[in-house]
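J.: Here it is, the structure, as structure tokens.
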Amino acid sequence: SQQGEEDPQALSIQEGENATMNCSYKTSINNLQWYRQNSGRGLVHLILIRSNEREKHSGRLRVTLDTSKKSSSLLITASRAADTASYFCATSRGGFKTIFGAGTRLFVKA
Amino acid sequence: DAGITQSPRYKITETGRQVTLMCHQTWSHSYMFWYRQDLGHGLRLIYYSAAADITDKGEVPDGYVVSRSKTENFPLTLESATRSQTSVYFCASRVDRDTEAFFGQGTRLTVV
Numbered sequence: 002s003q004q005g006e007e008d009p010q011a012l013s014i015q016e017g018e019n020a021t022m023n024c025s026y027k028t029s030i031n032n033l034q035w036y037r038q039n040s041g042r043g044l045v046h047l048i049l050i051r052s053n054e055r056e057k058h059s060g061r062l063r064v065t066l067d068t069s070k071k072s073s074s075l076l077i078t079a080s081r082a083a084d085t086a087s088y089f090c091a092t093s094r095g096g097f098k099t100i101f102g103a104g105t106r107l108f109v110k111a
Numbered sequence: 116d117a118g119i120t121q122s123p124r125y126k127i128t129e130t131g132r133q134v135t136l137m138c139h140q141t142w143s144h145s146y147m148f149w150y151r152q153d154l155g156h157g158l159r160l161i162y163y164s165a166a167a168d169i170t171d172k173g174e175v176p177d178g179y180v181v182s183r184s185k186t187e188n189f190p191l192t193l194e195s196a197t198r199s200q201t202s203v204y205f206c207a208s209r210v211d212r213d214t215e216a217f218f219g220q221g222t223r224l225t226v227v
């Protein structure tokens with residue numbers, strides 16, 4: 002079964018608006034990662050947040066982690082058309098495996 | 116070129132044929148992974164490897180075989196392709212356990 006599940010499955014917003022995607026997971030983790038996938042391409046790593054961190058920023062990206070609720074959110078501020086992609090969360094429990102969710106498809110309208 | 120490359124990018128094969136998808140990375144990362152991506156399922160882990168000659172099953176290993184005789188290569192073989200193995204396959208590598216993964220561009224495999 003999937004460890005991480007993203008919500009919503011799809012999101013459509015106007016350029017300049019903020020986009021928020023959520024990820025829930027089931028078991029304890031060492032870290033949680035967010036990836037972006039443009040259509041027809043491989044996944045690209047965006048940000049990694051460790052279990053002892055609550056918030057992390059990278060440019061227009063803000064990630065939060067709530068281990069008590071087993072959830073994370075990815076906020077993209079001032080979105081651009083180029084942000085149109087699928088976004089995946091992935092969890093690692095300290096072993097070799099990284100398990101991915103089904104992803105959120107983000108469409109940013111110009 | 117530095118990075119992780121997959122070949123071929125596209126492949127059409129017939130049911131019952133053996134197919135090998137190649138993955139090569141230039142970083143000497145210890146960990147390598149094979150995922151398949153299907154609509155509605157996201158990415159599912161097929162096999163992974165922690166080092167040369169060390170491999171283990173992921174979530175959906177049936178019908179697949181891997182080997183890792185050299186650190187930089189991690190081929191995935193479909194022993195007898197089935198239509199249900201039509202998918203996009205991604206290879207990834209990591210330098211260590213809890214670090215970011217680097218993905219190849221993917222191989223789109225169609226089994227007819």
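First to last, the sequence lines map onto chains A and B.
No gaps in the numbering here: position 86 of the first sequence is 87 in our numbering, and each next residue is one more.
No gaps in the numbering here: position 109 of the second sequence is 224 in our numbering, and each next residue is one more.
C-beta atoms are modelled at their ideal positions from N, C-alpha and C, and glycine is treated no differently.
Which class does ASP177 of chain B belong to by DSSP, given the choice of helix, strand or coil?
T.: When secondary structure is reduced to three states using DSSP, ASP177 of chain B falls in the coil class, being assigned neither helix nor strand.
J.: How about SER25 of chain A: is its C-beta nearer than 8 Å to some C-beta of chain B?
T.: Output row for SER25 of chain A: interface = no.
J.: Taking ARG151 of chain B as the reference, which of B:THR130, B:LEU193 and B:ALA167 has the closest Cα?
T.: B:LEU193
J.: Distance, Cα to Cα, GLN200 of chain B vs THR128 of chain B?
T.: 11 Å
J.: Mind checking if PHE108 of chain A is an interface residue toward chain B, Cβ cutoff 8 Å exclusive?
T.: no
J.: Any idea what DSSP makes of ARG183 of chain B, helix, strand or coil?
T.: coil
J.: So what does DSSP say about ASP67 of chain A, is it helix, strand or coil?
T.: The answer is strand: DSSP assigns ASP67 of chain A an E or B state.
J.: Any Cβ of chain B within less than 8 Å of the Cβ of LEU12 of chain A?
T.: no
J.: ASP211 of chain B by DSSP, collapsed to three states: which one?
T.: coil
J.: Would you identify the three-state DSSP class for ARG106 of chain A, choosing helix, strand or coil?
T.: strand
J.: Would you list, in chain order, the members of the stretch 157-178 of chain B that have their beta-carbon closer than 9 Å to a beta-carbon of chain A?
T.: Of all residues in the stretch 157-178 of chain B, only GLY157, LEU158, ARG159, LEU160, TYR163, SER164, ALA165, ASP171, GLY173 and GLU174 come within less than 9 Å of chain A when Cβ atoms are compared, listed by chain position.
J.: By Cβ distance below 7 Å, which residues in the same chain neighbour LYS172 of chain B in space, the five residues on each side in sequence not counted?
T.: TYR162
J.: Please list, in chain order, all residues of the same chain as ARG212 of chain B whose beta carbon is under 8 Å from its beta carbon, the five residues on each side excluded.
T.: Excluding residues up to 5 positions away in sequence, TYR146 lie with their Cβ nearer than 8 Å to the Cβ of ARG212 of chain B in the same chain.
J.: How many whole angstroms separate the CB atoms of SER52 of chain A and THR68 of chain A, which I take to be in contact at a CB cut-off of 8 Å?
T.: 6 Å
J.: Consult DSSP for ASP168 of chain B and reduce its assignment to one of helix, strand or coil.
T.: coil
J.: Starting from GLU56 of chain A and walking both ways along the beta strand (DSSP E), at which residues does that stretch end?
T.: 56-59
J.: Taking 8 Å as the cut-off, decide whether the C-beta atoms of ARG198 of chain B and VAL226 of chain B are in contact.
T.: Between ARG198 of chain B and VAL226 of chain B, the gap from beta carbon to beta carbon is short of 8 Å.
J.: Name, in chain order, the residues that DSSP records as bridge partners for ARG94 of chain A.
T.: Looking at the DSSP assignment, ARG94 of chain A forms no beta bridge with any residue, so it has no partner.
J.: Nearest to MET22 of chain A by alpha carbon, out of A:ILE30, A:TRP35, A:GLU16 and A:PHE101?
T.: A:TRP35
J.: Determine the contact status of GLU7 of chain A and SER80 of chain A, defining contact as a CB-CB distance below 8 Å.
T.: no
J.: Out of B:TYR125, B:LEU158 and B:GLN140, state which residue places its alpha-carbon closest to the alpha-carbon of THR99 of chain A.
T.: Considering only alpha carbons, the answer is B:LEU158.
J.: Given a cut-off of 8 Å, decide if GLU54 of chain A and ARG63 of chain A are closer than it, judged by their beta-carbon atoms.
T.: no
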